[in-house]
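Presented below is the structure to which this report refers.
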């Protein structure tokens, strides 16, 4: 279970830094009633060269694409919001943290059409360790195939990181935890592997790395794209395709990627051990490279790291 907030520090709210306890909105904001908001999950890492935000530009690009999908006009430029993120980290005196920027239709009226509602924006930062637990990076995660299917692109724009979409993830996560598993894996509406509640899925078979294709109702993760690029640079073959649950359960290795989860092996799916229940060689090599990148120890990928301080 996630740790409770301390309630200390400052939050950026509509252009102003406010005390954590004072970062409030009206109970009748449109986003609360209809899930009409978009957000990002971003991480800042402490390194020997200073504090760096991982792929800030890509996260900002996706946030604005998500907003466009819901005809939401964020009242700040990407550059302004990026600087606000850096300022929020600095004012809270953090060098490693999770970053949550959010934009949502605010207080004006209720009704499904949000036209006329202002767009409110907020940025919060806080220390947050590995989402799936510190031991998951080595020992792996016990997973279950969820009875809930991943939302379909004919019902919602699945490539948008929108607030209301995550009700789907909540149901899958609650079910998995209630049945004693560490995480869920959702299928798409056609029965193929889609993703975890907040992670993308990869599998390894005979040295080749596979991941569900974009048409499998996935959110194209920024960590997913990063790991795919790293893998290709390391000489691995990456194949994006529809993956059945039988193929995933028969994999030599499997792992999750995501901003919150970072990169964590999957050791079991519904009682079936993956790779004997141990982290495999490909996963280990990729994970080592990925964490080296996050710590600014790979010069080739410093382009992915945005310094918090000028």
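Residue numbers (my numbering): 113 to 422.
Even for Gly, the Cβ is constructed at its ideal location relative to N, Cα and C.
With a cutoff of 8 Å on beta-carbon distance, residue 252 and residue 212 are scored as not near each other.
In the DSSP annotation of this structure, residue 275 is not part of any alpha helix (DSSP H), being labelled neither H nor E. Put simply, the segment 172 to 191 touches the segment 139 to 153. At least three CB pairs are less than 8 Å apart. Secondary structure of residue 394 (DSSP, three-state): helix.
At a Cβ-Cβ threshold of 8 Å, residue 312 and residue 294 do not count as neighbours. Out of 256, 353 and 321, the CA that lies nearest to the CA of residue 304 is found in 353. About 7 Å separates the beta carbon of residue 408 from that of residue 160, a gap short enough to meet the 8 Å contact definition.
398 is the residue among 398, 259 and 327 whose C-alpha sits nearest the C-alpha of residue 341. Residue state for residue 186 is assigned as coil, using DSSP reduced to three classes. Taken through DSSP and simplified to helix, strand or coil, residue 210 comes out as strand. Exposed is the label assigned to residue 351, since fewer than 16 other Cβ atoms lie within 10 Å of its Cβ.
Residue range 253 to 257 is occupied by the beta strand (DSSP E) that includes residue 254, with no alpha helix (DSSP H) assigned at that position.
The beta-carbon separation of residue 129 and residue 203, rounded to 6 Å, stays under the 8 Å limit for a contact.
Taking the Cα of residue 310 as reference, the smallest distance to any Cα among 328, 368, 338 and 319 is reached at 368. In the DSSP assignment, residue 334 falls outside any beta strand (DSSP E) and lies within the alpha helix (DSSP H) extending over 334 to 345. For a cut-off of 8 Å, the C-beta gap from residue 395 to residue 377 is around 5 Å, short enough to register as a contact. Between the C-alpha atoms of residue 122 and residue 156 there is a straight-line separation of about 17 Å.
Minimum Cα-Cα distance from residue 221 among the listed residues 169, 322, 145 and 337 corresponds to 145. Boundaries of the beta strand (DSSP E) harbouring residue 317: 312 to 317, taken from the DSSP string.
A distance below 8 Å separates the beta carbons of residue 270 and residue 331. In the DSSP assignment, residue 155 is bridged to 210. The C-alpha of residue 288 is placed about 32 Å away from the C-alpha of residue 173.
With contacts defined by Cβ atoms closer than 8 Å, residue 235 and residue 132 do not form a contacting pair. Sequence-distant Cβ neighbours of residue 371 in its own chain, meaning closer than 6 Å and more than five residues away, are 153, 155 and 335. Inter-residue distance for residue 219 and residue 255 is about 40 Å (C-alpha atoms, whole angstroms).
Cβ atoms of residue 274 and residue 285 stay farther apart than 8 Å, at about 17 Å. Residue 162 is bridged by DSSP to 159. Take residue 414, set aside five residues on each side of it, and the residues of its chain with a beta-carbon closer than 7 Å to its own are 408, in chain order. The alpha-carbon separation between residue 244 and residue 375 amounts to approximately 10 Å.
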